[in-house]
């Protein structure tokens, strides 16, 4: 396989590169998409270290499993990689694209399907639907209208 690099010198022959990623949730954390759509902060309950200095490389064509007990940070890592939450420290690239600066592109080539539906109990049903619409590239207006349509159909 021919080795190529992005304009930042990151190998694009690797599917995922994560280096020294850490994430701490404080009692006052926010989800960037929630804050931008609804202008409010979701209050956490306690401070906790979800990820601490995580590094790995996944090469193109490799299949990888992430194992760990409940609360080990598996879901946090996946949400971070697909742009649902932000990392505090470290770097991560998917197909040579920096997850911190190219979130829309990352979301267009990745997906995240939790084992259980991951609705946020701090948001209304309508707000949860709007967020999923925005994650699927609907405009704010289309996301809102679609959420209203679904809410009406399911009522």
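In the working numbering, the protein residues as written are 999 to 1153. Ideal Cβ placement from N, Cα and C applies to all residues, glycine included.
Check, Outcome
"Closer than 8 Å is the cut-off here; do at least three beta carbon pairs connect the region 1143-1150 with the region 1120-1129?", "yes"
"Please name the residue in 1049, 1073, 1013, 1068 whose C-alpha comes closest to that of residue 1110.", "1073"
"So within the region 1092-1141, which uninterrupted alpha helix (DSSP H) runs reach at least 4 residues, ignoring any that extend past its ends?", "1101-1107, 1123-1133"
"Note down the Cα distance separating residue 1085 from residue 1020, rounded to an integer number of angstroms.", "6 Å"
"Relative to the C-alpha of residue 1133, which residue among 1055, 1045, 1080 is closest?", "1080"
"Between which two residues does the alpha helix (DSSP H) containing residue 1073 stretch?", "1072-1079"
"Can you tell me where the beta strand (DSSP E) holding residue 1021 begins and where it ends?", "1012-1023"
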